[in-house]
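**Q** Heads up, the sequence shown is in my numbering, so the first residue is -9 and it goes up one at a time. Cβ coordinates follow ideal geometry from the N, Cα and C atoms, glycine included. This structure is a prediction, so every number in the text was calculated from the model and none was measured.
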Amino acid sequence: MRKSSGPLAGLVEVVAPPVRAASLDAVDLDLLRLLAGDARMSQRRLARDLGMSPPAVGERLARLERSGVIRGYTVDIGWAEAGFPVTVFLTITAVQGQSLAPIIEELRALPEVADVSLVTGAIDLLARLVVRDHNHLQKLLLERVWQITGVQRTETLLTLAGMQPKHFAAQLISSMRTDLADTRASQGGAA
């Protein structure tokens, strides 16, 4: 079989693979909600808040980590406060027939690129960048992004402001917890 060299060839090596959803129960969701509020919370504190033993919490955490539900424990950096106050969304259209995989890899190598998404529609890729100022953005585009082989066109979208931070993870997990309780109630079980 001949290996394809079309624009979508090679994407499997550079995009995140599809995943199977883990089976989560109400205790898992409560644990995730607590960690979303404070990822530095000790197992002892988590156990106390959940009414469980610390070893039982440790086992659940290990299972959630193995399944990929918990990918790590990170710090949330305020980029504006750290001297990178400008968030930029960059739409990228590749040259017709150009493979997107090398473009994604080159974008990934740029420190200012927070993430890159392969999207549907009139553009091929959407990248989110953080930069210090207009001069930093100009230099990045001229010297790095526009030098990537296969990039035909970009559109730069500067953010003027963003919404106040919200507790996205905690809110979504609470919604999942409500959905689980509703499902169990409709099936005649307890939440």
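Report the start-end ranges of each alpha helix (DSSP H) in the segment 142 to 179 that is 4 residues or longer and not cut off at the edges.
**A** The qualifying runs are 158 to 176.
**Q** Can E95 and I138 be called in contact, C-beta distance under 7 Å?
**A** No, the pair does not count as a contact, with Cβ atoms beyond the cut-off.
**Q** Pick from R61, L25, D28: whose alpha carbon is nearest that of V9?
**A** Of R61, L25, D28, the residue nearest in Cα terms is R61.
**Q** Tell me the rounded alpha-carbon separation between G87 and G111.
**A** So the two alpha carbons sit approximately 16 Å from each other.
**Q** Run through DSSP, which three-state label would R61 get?
**A** Three-state DSSP puts R61 in coil, outside helix and strand.
**Q** When every heavy atom of the ligand NAD is checked, does at least one fall within less than 6 Å of the C-beta of T139?
**A** This structure simply doesn't include the ligand NAD, nor any ligand for that matter.
**Q** Cutting at 6 Å between CB atoms, please list the residues of its own chain near V224, excluding the five before and the five after it.
**A** Outside the shown range of the chain (-9 to 181) lies residue 224, about which nothing can therefore be said.
**Q** Are there 16 or more other CB atoms within 10 angstroms of the CB of R34, so buried, or fewer, so exposed?
**A** Label assigned to R34: exposed.
**Q** Quick one: Cα of L238 to Cα of M153, how far?
**A** Outside the modelled stretch of the chain, which goes from -9 to 181, sits residue 238, for which no answer is possible.
**Q** Tell me the start and end of each unbroken alpha helix (DSSP H) in the segment 91 to 144 that is at least 4 residues and wholly inside, in chain order.
**A** For the segment 91 to 144, whole alpha helix (DSSP H) runs of length 4 or above, ordered along the chain, are 91 to 98, 124 to 133.
**Q** Roughly how many whole angstroms lie between the Cα atoms of S176 and L14?
**A** Those two C-alpha atoms are separated by around 18 Å.
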